[in-house]
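What follows is a single structure, written as structure tokens, with notes after it.
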Amino acid sequence: MSSSSKHGFRNVPPPQGSKPASAYTRFIPREELGDFAAWKPGSFHGEPEPEMPAEPVAPPEPTPEEWQAKIAAARQAGYHDGYRDGLVALEGFKQSFAAQATSQVGAVVNSFNAQLDRLDAEIAEAVARTAVQLARQVLRSELRVDPSLVARVAAEAVNNVLLSARHITVRVHPNDLPLVAEGAEEALTARGARLLADETIERGGVLVDSDVGSIDARIASRWTQAASVLGSDEPWEPTP
């Protein structure tokens, strides 16, 4: 008996016309193999065989109740988002409106203040003009009632001339000449001034000339200076 028959294997002759096969290339029928299993990586040394990855399983379709719950949750989330966005928009509108209102109120207040300033200026000008006109009437009345006032004006004008001045001349209206000669005699004598009549000078006025300058105490000049202190340019002669 051959070694092949000892192990229970039958020799199967090669097909006719083929080359004789070696012992390592002999075809083994399935009925001679007994129990066997396909070789897999890791099957040696008792290693566990790797598991094949499971195919993904599609999640189950939501039930109608779950769909309703999702829709309700989405509506609630949308409501909250819309409410939040609405509050943000409302706050922005409030700030914009407040800024615009403040600007408009500020413009109105500034315009009102400017109008008040103009009104104050107009009132002040009217008051000053009225006061100057009243003062002019009072002064004219005083000159008519007490013409001797010109003597005091002449004395003050002569005393204001520099002490070093020479050739002092005092000119007054012819009707005021005797009043000044009597009322300002002491001042005229002390400064050696000459008193002259001048028809070009209005009653109540005095013009003092010297070698160092002149003092214009005529009514119109004195009036202009007094009115300017009150911020008025009203002339001594009223406008018709």
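Per UniProt numbering, the sequence shown starts with residue 1, numbered consecutively. Beta carbons are placed, not taken as given, at the ideal position from N, Cα and C, and that holds for glycine.
Separation of residue j from residue i, as counted between CA atoms
i, j, result
"P62", "Q95", "47 Å"
"H80", "G86", "10 Å"
"N159", "L116", "47 Å"
"I219", "A126", "23 Å"
"T200", "A107", "58 Å"
"E91", "V109", "26 Å"
"P235", "T224", "7 Å"
"A226", "F112", "34 Å"
"P64", "A98", "50 Å"
"Q104", "A114", "15 Å"
"H7", "P60", "Here H7 scores only 48 on pLDDT, less than 50, and its place in the model is too uncertain to base an answer on."
"A77", "V88", "17 Å"
"A21", "A58", "Note that A21 scores 49 on pLDDT, short of 50, meaning its location in the model is unreliable and no value can be drawn from it."
"Q71", "P56", "Going by the sequence as given, residue 71 is Ile instead of Gln. So the two alpha carbons sit approximately 27 Å from each other."
"R129", "D198", "32 Å"
"S221", "S228", "11 Å"
"D176", "E185", "13 Å"
"Y83", "R118", "52 Å"
"S67", "Q100", "The amino acid occupying residue 67 in the given sequence is Trp; Ser does not appear at that position. The alpha-carbon atoms of W67 and Q100 are separated by roughly 49 Å."
"L162", "I123", "42 Å"
"A69", "F93", "36 Å"
"D146", "E237", "20 Å"
"A74", "T102", "42 Å"
Continuous beta strand (DSSP E) stretch holding residue i: start and end
i, result
"T189", "Per DSSP, T189 belongs to no beta strand (DSSP E); it is in the alpha helix (DSSP H), 185–191."
"V212", "Counting along the chain, V212 falls outside any beta strand (DSSP E), and DSSP gives it neither H nor E."
"residue 245", "Beyond the ends of the chain as shown, which are 1 and 240, falls residue 245; an answer cannot be given."
"L195", "194–197"
"T169", "169–172"
Cβ-heavy atom distance, residue i to the ligand SAM, below 7 Å
i, result
"N160", "Inclusion of the ligand SAM in the displayed structure is not the case, the ligand content being empty and no account of it being possible."
Alpha helix (DSSP H) segment containing residue i, residue limits
i, result
"A227", "219–229"
Distance CB(residue i)-CB(residue j) smaller than 8 Å
i, j, result
"R152", "L207", "no"
"G192", "I168", "yes"
"S148", "G183", "yes"
"H173", "E202", "yes"
"V212", "L179", "no"
"A165", "S210", "yes"
"L188", "L195", "yes"
"R155", "L230", "Note that residue 155 is Ala in the sequence shown, not Arg. No, they are not a contact pair."
Inter-residue CB distance, residue i and residue j (contact presumed, cutoff 8 Å)
i, j, result
"A217", "A121", "Going by Cβ atoms, the distance from A217 to A121 rounds to 33 Å, so no, they are not a contact pair."
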